[in-house]
Amino acid sequence: MPNPTSNIADDLVQMGRPDRTAGRHVNMPLELGSTHVFDTLADFEAARDARYVSGTMYYGRYGNAASFKLEEMLARLEHADAVTLTSSGVAAITMALLTFARPGAHLLVADHVYGNTRAFCDGVLTRQGVDIEYFDPMIGADVADLMRETTCAVMFEAPGSGTFEMPDIPAIAIAARAAGIPSILDGTWATPIFCQPLTLGVDIVVASMSKYLSGHSDCMMGMIASGAKHAKDIRQTTMAIGDKTGGQEVFLALRGLRTLKMRMAYFDTVGRDMAKWFSNQPQVKTVLHPAFESCPGHANWKRDFSGASGLFGVVFHPCTDDQIRTFVDALHHFGIGVSWGGYESLVLPVTPQRSANTWHEEGQLVRFNIGLEEPETLKADLMAALPHLNTAPE
30 MPNPTSNIAD DLVQMGRPDR TAGRHVNMPL ELGSTHVFDT LADFEAARDA RYVSGTMYYG
90 RYGNAASFKL EEMLARLEHA DAVTLTSSGV AAITMALLTF ARPGAHLLVA DHVYGNTRAF
150 CDGVLTRQGV DIEYFDPMIG ADVADLMRET TCAVMFEAPG SGTFEMPDIP AIAIAARAAG
210 IPSILDGTWA TPIFCQPLTL GVDIVVASMS KYLSGHSDCM MGMIASGAKH AKDIRQTTMA
270 IGDKTGGQEV FLALRGLRTL KMRMAYFDTV GRDMAKWFSN QPQVKTVLHP AFESCPGHAN
330 WKRDFSGASG LFGVVFHPCT DDQIRTFVDA LHHFGIGVSW GGYESLVLPV TPQRSANTWH
390 EEGQLVRFNI GLEEPETLKA DLMAALPHLN TAPE
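If you read the sequence shown in our numbering, its first letter stands for residue 30, the second for the next number, and so on.
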């Protein structure tokens with residue numbers, strides 16, 4: 030298993046801070062503004078010409094001092110040359126895809142992707158004449174057999190959204206790079222605390238900062254990290270479409286990032302403990318957690334990741350929809366809602382969408398996000414609700 034970045038705790042504390050002046054604030058202040066003014070027309074023109082370079086003060090939509098500090102911090106964590114902030118995780122995905130998708134192009138998308146990624150591909154890109162082909166995320170280097178002259182990008186996740194199989198990141202990335210095709214990975218689940226996909230050969234990493242990165246369920250933001258080769262095109266696409274991250278969100282993200290390493294270490298420990306507890310319950314058929322040997326792609330996780338987050342799936346023995354609904358409604362310490370990665374535990378039944386292959390697990394899949402509550406409190410809550418579900422058949 031790889032070692033985590035040795036200085037990441039120091040980076041989280043020291044980066045993204047005000048410049049070192051006497052009497053400075055500890056945190057970057059909330060920065061609001063639209064128009065930036067210049068002393069000379071030549072200064073304005075220089076800024077206009079460099080507006081797609083992070084750090085250039087040109088107009089509020091392109092960024093400000095605080096957002097540039099955040100981009101620099103994220104680039105360091107992701108081992109990227111550049112980061113572009115977006116208004117949400119979905120926006121990060123769509124901006125990255127729009128950078129490469131063209132009418133008549135062929136786009137390879139892993140069959141396990143986030144539902145909104147699939148919705149954008151099927152509902153928007155197909156209308157623009159993009160040929161979407163979904164592939165089995167576990168085929169690894171064999172994805173090369175699906176590539177065409179018109180293939181514009183390969184989009185996948187690690188692990189799969191809701192189903193948690195872990196693909197072979199380097200194999201897919203290397204196959205794409207050999208064909209001159211950019212690879213795009215959604216790395217939200219692990220955060221750069223546990224995996225830096227760019228170091229594994231991936232070209233572009235997208236993430237929802239609304240989840241673990243900001244960490245408090247009060248910030249809507251996304252980010253796109255890449256090497257220098259694609260950075261300008263990504264930023265140009267994002268700015269041309271008019272996507273913008275607000276000053277309040279930048280402030281919240283900078284504040285939340287300070288505790289990321291500590292929070293992820295806790296979620297790793299408690300998430301595994303809760304997943305193990307689930308595996309011993311008679312109502313549970315299987316637990317989908319990349320750190321468990323029974324999870325598809327566990328060996329890939331063990332090789333490429335230094336830890337796991339607190340989000341995983343539980344497949345219960347076959348039961349009725351009413352039984353699942355009663356079980357979920359009976360929980361008191363698990364909120365019912367989309368998203369994850371905040372301080373509160375969440376629960377949500379999941380219906381996997383598949384096009385390239387078939388979902389083989391028989392039973393009801395439920396996704397759990399483990400928060401900061403006491404594990405024994407969560408176990409007691411679950412223990413009281415589990416009798417609403419069936420146990421293994423005799």
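Virtual Cβ for every residue (Gly too), placed ideally from N, Cα, C.
Every value quoted in this text rests on a predicted model; they were computed, and no experiment measured them.
Once you ignore the five residues that flank A320 on each side, which residues in its own chain have a CB closer than 7 Å to its CB? R301, W330, A337
Whose C-beta lies closer than 7 Å to the C-beta of P311 among residues of the same chain, with five residues either side of it excluded? T420, A421
Using the rule of at least 16 other Cβ atoms within 10 Å of the residue's Cβ for burial, across every protein chain shown, is H389 buried or exposed? exposed
My assumption, with CB atoms under 8 Å, is that Q393 sits in contact with C348. Please give the rounded CB distance. 6 Å
K258 (DSSP reduced to helix, strand or coil): helix
Proximity winner among R147, F185, P221, L415, relative to M293 (alpha-carbon distances): P221
Please report the straight-line C-alpha distance between P166 and I198, rounded to a whole angstrom. 10 Å
Helix or strand or just coil, what does DSSP make of P378? strand
Within the same chain, show all residues whose beta-carbon is closer than 6 Å to that of E162, passing over the 5 residues directly before and after it, in chain order. L137
In three-state DSSP terms, what is S368? coil
Quick check: the region 81-96 against the region 224-236, are at least 3 beta-carbon pairs closer than 8 Å? no
Does the region 241-251 come close enough to the region 102-120 that 3 or more CB-CB pairs lie under 8 Å? yes
Which whole-angstrom value is the C-beta distance of I210 and M184, which I expect to be below 8 Å? No, I210 and M184 are not in contact; Cβ-Cβ is about 11 Å, not under 8 Å.
Whole angstroms are fine: how far does the CA of D333 sit from the CA of P33? For P33, the predicted structure reports a pLDDT of 44, less than 50, and the residue's modelled location is therefore unreliable. A value from the coordinates is still provided. Each residue's alpha carbon lies about 10 Å from the other.
Endpoints, alpha helix (DSSP H) assigned at S96: 94-107
With a Cβ-Cβ cutoff of 8 Å, do T113 and I263 count as a contact? yes
Rounded separation between M30 and D78 - CA only: Note that M30 scores a pLDDT of 45, beneath 50, so its modelled location is shaky; the value from the coordinates is reported in the next line. Near 45 Å, if we compare the C-alpha coordinates of D78 and M30.
6 Å CB neighbourhood of V367 in its chain, flanking five on each side removed: none
Is C150 helix, strand or coil by DSSP? helix
Pair within 8 Å by beta-carbon distance, A202 and A111: no
Mapping DSSP to helix, strand and coil, what is F356? helix
Which residues does DSSP pair with S237 in a beta bridge? G251
If you draw a straight line from the C-alpha of D160 to the C-alpha of L401, how long is it? 43 Å
Can you find the residues in the same chain that come closer than 6 Å, C-beta to C-beta, to S63, ignoring five residues on each side of it along the sequence? G89
Distance between D68 and S186 (C-alpha atoms, nearest Å): Going by the sequence as given, residue 186 is Glu instead of Ser. Straight-line Cα distance between these residues: approximately 47 Å.
Can you check which of these residues, C150, F164, F149, is closest to A384 by C-alpha distance? First, the residue type needs correcting, since residue 384 is Ser and not Ala in the sequence shown. Taking only the C-alpha atoms, the option nearest S384 is F164.
In whole angstroms, what separates the C-alpha of W306 from that of I399? 13 Å
Is the beta carbon of E60 less than 8 Å from the beta carbon of N36? no
Length of the line joining the Cα atoms of L283 and A121: 18 Å
By the three-class DSSP mapping on this structure, what secondary structure does K314 have? strand
So, at 8 Å on beta carbons, what are the nonlocal neighbours of H54 in its own chain, with the 5 sequence-adjacent residues on each side left out? P47
According to DSSP, simplified to helix, strand and coil, what is P31? Note that P31 scores 45 on pLDDT, short of 50, meaning its location in the model is unreliable; the coordinates nonetheless yield the value given after this. Residue state, collapsed to three classes: coil.
My output table needs one value for V231: the three-state DSSP class, helix, strand or coil. coil
Give me the Cα-Cα distance between D215 and A269, rounded to the nearest whole angstrom. 22 Å
H135 classed as buried or exposed, judged by whether at least 16 other C-beta atoms fall within 10 angstroms: buried
Nearest-angstrom Cα distance between G375 and A38? The residue asked about is misnamed: residue 375 is Leu in this sequence, not Gly. Cα-Cα distance, rounded: 27 Å.
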